[in-house]
Every structure is written in C-alpha cells, then in structure tokens.
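K.L.:
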Amino acid sequence: MSRPDTRYVRLAAKALGKELLWYLTCEHVQGPEPNILLFATRRGGSTFLMELIDANRGVRSLDQPFEMSAQFPTAAQIADMPLFDDGQLTSLDERSARRLQDLTERIFAGKVVINAPSRVWRRNVERRSNRLVLKITDAKPLIGWFAETVPCDIVYLTRHPIPQSISCVRNDWTLSVGAYLRDERFLEANLSDRAVSLAHDVMRSGTSLQQFVLNWALENVAPMRLLPEHPDWLHVRYEDCVTDPGGTVDTVAHRLRLTDLDRMHA
Numbered sequence: 425m426s427r428p429d430t431r432y433v434r435l436a437a438k439a440l441g442k443e444l445l446w447y448l449t450c451e452h453v454q455g456p457e458p459n460i461l462l463f464a465t466r467r468g469g470s471t472f473l474m475e476l477i478d479a480n481r482g483v484r485s486l487d488q489p490f491e492m493s494a495q496f497p498t499a500a501q502i503a504d505m506p507l508f509d510d511g512q513l514t515s516l517d518e519r520s521a522r523r524l525q526d527l528t529e530r531i532f533a534g535k536v537v538i539n540a541p542s543r544v545w546r547r548n549v550e551r552r553s554n555r556l557v558l559k560i561t562d563a564k565p566l567i568g569w570f571a572e573t574v575p576c577d578i579v580y581l582t583r584h585p586i587p588q589s590i591s592c593v594r595n596d597w598t599l600s601v602g603a604y605l606r607d608e609r610f611l612e613a614n615l616s617d618r619a620v621s622l623a624h625d626v627m628r629s630g631t632s633l634q635q636f637v638l639n640w641a642l643e644n645v646a647p648m649r650l651l652p653e654h655p656d657w658l659h660v661r662y663e664d665c666v667t668d669p670g671g672t673v674d675t676v677a678h679r680l681r682l683t684d685l686d687r688m689h690a
C-alpha cells in the first residue's frame, strides 16, 4: 500500500498535469454569441446536456468550474473563489459577489480555464473556442444573480426528484442540506419558518430518500420560483431527453442558436 504522502504527491501531480494541459490546448476568443450557463442537479442528466451543446464547433465545455469539493482545486479556484459552506454557493454577500463576478468574467475572457475536457484526442474536442458552456450544479440559488450580472444564455435542467434522489442514494452520495439550512440569507429569501421547521424534522427522522428529496427541493427552490418570470431561460426536462431526444436536440439548438445539428444528433 502506498504511503499517504506518496499518494498525495501522485494526485497533486495528476491535477497539475491536467491544468497545464488545459492551458496548452485551450484558446478562447469570445464570439458574437453569449456563453451558456447550464444549471442542473447532480444525477440529473447534466453531463449529457453539456456534451450535447459542446458537440458544436467552437463551443467548449467547462465541467463545474465553481465546484470546490474536489480534492485538488485549480490555482484560480484557490485564489479567486469565495469560501462557501460544504462547497455550496447558496447566497452572496457583497465581497463574495465581487470575487465571483471577477472570476466569471476572467473565465469568459479566456484568461482562466477550469475543468475543460482533458481527453483532447476525443472527437469534437475544440482547441479553439468562441463560446463556452459552463455546467453548474452547486450554485443553483445564484441563477438569478448570474443572469443579471454577466451576459449569458441560461439553461435550467430538471429531473423528477424521486428518481434523482434514488440515484444519489444508490451511489452513496452525500447530502448538502446543511449548507442551505445554515444560510440565513438563503432561508430568508426562499423559505417560510414552517418550511424550515419541516426541513429540520426530515433531517432528524426522515428516511434517506426523504432527505435526498429535501436536498433536491432546497437546491431547486430558487430557480423554480424564478423560472416563470424568465421565458428567456431554456428549461429542459431530463424526461424529455429520454422520451423525445430528437425533439429535445432541435429545441436546444433553436433556442441557443446552435448550428451543428448533425453532430448533436449523432
């Protein structure tokens, strides 16, 4: 068995190698179309939808660039990301908002690359990009802030909470409920006192499935409340991706002004 420090060095070297690869193989010059922010819940089809959009020429995907629970965050994340409870971006104070806006603008300008594809030999991987798609799973409460702060197209992907939660339980994933219930700004903006009390009851005595459904509800309450006010946002349902993949591809392409339909249907 490897010594802990030896394993740490190997993992750190691997992370550094991936980061160097991104900077050597990624060149981004923003084109006329705005970048795309894809908000989704884990185990909800987000990788499929990200790769569907990424199939277009000139589009590069960044997989969870604001996710901070990775064992080895990038240098830009360490330097620029504000600290959040359990890696969840549930609300922003003024200082955190400035830092997150600055990091996002640097990503959009091509000055920072985080979690780009590292298998550069794969089909459809773009060395030069003019449009980015950022998959975001840990900052859905900030969807409205992003829409108001940076020029972007918003895509919001949902999956029914029961199968999504069952998938999390089966994969032995951890809950992020605590980060939401500890954030007074988030609670004040999104939940009544009665709802907060019920959430604590579920965490005390609920089943694993009930707790993960609560997790889904807390992560999605803000975007769900805002969605009716934003017909400009593209809402995609996981269930439609499964039952009508062709129609989903056409809708995504039309709403986001994507032109490589052959690649998307492949």
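Per my numbering, the sequence shown runs over residues 425 to 690. Positions of the beta carbon are idealized from the N, C-alpha and C atoms, including for glycine. Since we're looking at a predicted model, the values are computed, not measured.
Tell whether a beta-carbon distance below 8 Å holds between serine 485 and leucine 581.
P.N.:
As a first step, residue 485 must be located in the sequence shown, where it is residue number 61. As a first step, residue 581 must be located in the sequence shown, where it is residue number 157. For serine 485 and leucine 581, no; Cβs fall outside 8 Å.
K.L.:
With a threshold of 16 other CB atoms inside 10 Å of the CB of leucine 448, please say whether the residue is buried or exposed.
P.N.:
Locating residue 448 in the sequence shown gives position 24, where the first residue counts as 1. The residue is exposed, with fewer than 16 neighbouring Cβ atoms inside 10 Å.
K.L.:
Starting from the N-terminal side, write out each stretch of the beta strand (DSSP E) that is 3 residues or longer and does not extend beyond the stretch 444 to 529.
P.N.:
Whole beta strand (DSSP E) segments, 3+ residues: 459 to 463 and 483 to 487.
K.L.:
Alpha carbons only, please: which of Glu451, Glu529, Asp526 and Val601 is nearest the one belonging to threonine 514?
P.N.:
Position 90 of the sequence shown, counting from 1, holds the residue named residue 514. Answer by Cα proximity: Val601.
K.L.:
Within 10 angstroms of the Cβ of threonine 561, are there 16 or more other Cβ atoms? Answer buried if so, exposed if not.
P.N.:
By one-based count along the sequence shown, residue 561 stands at place 137. Flag for threonine 561 reads buried.
K.L.:
Buried or exposed: which applies to aspartate 607, given that a residue is buried once 16 or more other Cβ atoms fall within 10 Å of its Cβ?
P.N.:
Translated into positions along the sequence shown, residue 607 becomes position 183. With 16 or more other Cβ atoms within 10 Å, it is buried.
K.L.:
Please return the same chain residues whose Cβ sits closer than 8 Å to the Cβ of aspartate 526, not counting the five positions on each side in sequence.
P.N.:
Translated into the one-based positions of the sequence shown, residue 526 becomes position 102. If we look at aspartate 526 and ignore the five residues flanking it on each side, its Cβ neighbours are Asp504.
K.L.:
Do you know offhand how far leucine 599's Cα is from glutamine 588's?
P.N.:
The residue you call residue 599 lines up with position 175 of the sequence shown. The residue you call residue 588 lines up with position 164 of the sequence shown. In a straight line, the C-alpha of leucine 599 is about 13 Å away from that of glutamine 588.
K.L.:
How long is the line joining the alpha carbons of proline 497 and isoleucine 531, rounded to whole angstroms?
P.N.:
Translated into the one-based positions of the sequence shown, residue 497 becomes position 73. Translated into the one-based positions of the sequence shown, residue 531 becomes position 107. About 15 Å.
K.L.:
Thinking just about the alpha-carbon of each residue, which of His584, Glu451 and Arg522 is nearest to the one in alanine 464?
P.N.:
Indexing the sequence shown from 1 puts residue 464 at position 40. Taking only the C-alpha atoms, the option nearest alanine 464 is His584.
K.L.:
What residue range is occupied by the uninterrupted alpha helix (DSSP H) comprising leucine 605?
P.N.:
Reading the sequence shown from its first residue, position 181 is the one you call residue 605. Taken as a continuous stretch (DSSP letters only), the alpha helix (DSSP H) holding leucine 605 covers 601 to 605.
K.L.:
Does DSSP classify isoleucine 538 as helix, strand or coil?
P.N.:
Here the question's residue 538 lines up with position 114 in the sequence shown. Coil at isoleucine 538, not helix or strand.
K.L.:
In chain order, which continuous runs of the beta strand (DSSP E) of length 3 or greater are located wholly inside the stretch 568 to 632?
P.N.:
Correct list: 576 to 582.
K.L.:
Please report the straight-line C-alpha distance between arginine 481 and aspartate 617, rounded to a whole angstrom.
P.N.:
Against the sequence shown, residue 481 aligns to sequence position 57. Against the sequence shown, residue 617 aligns to sequence position 193. Near 48 Å, if we compare the C-alpha coordinates of aspartate 617 and arginine 481.
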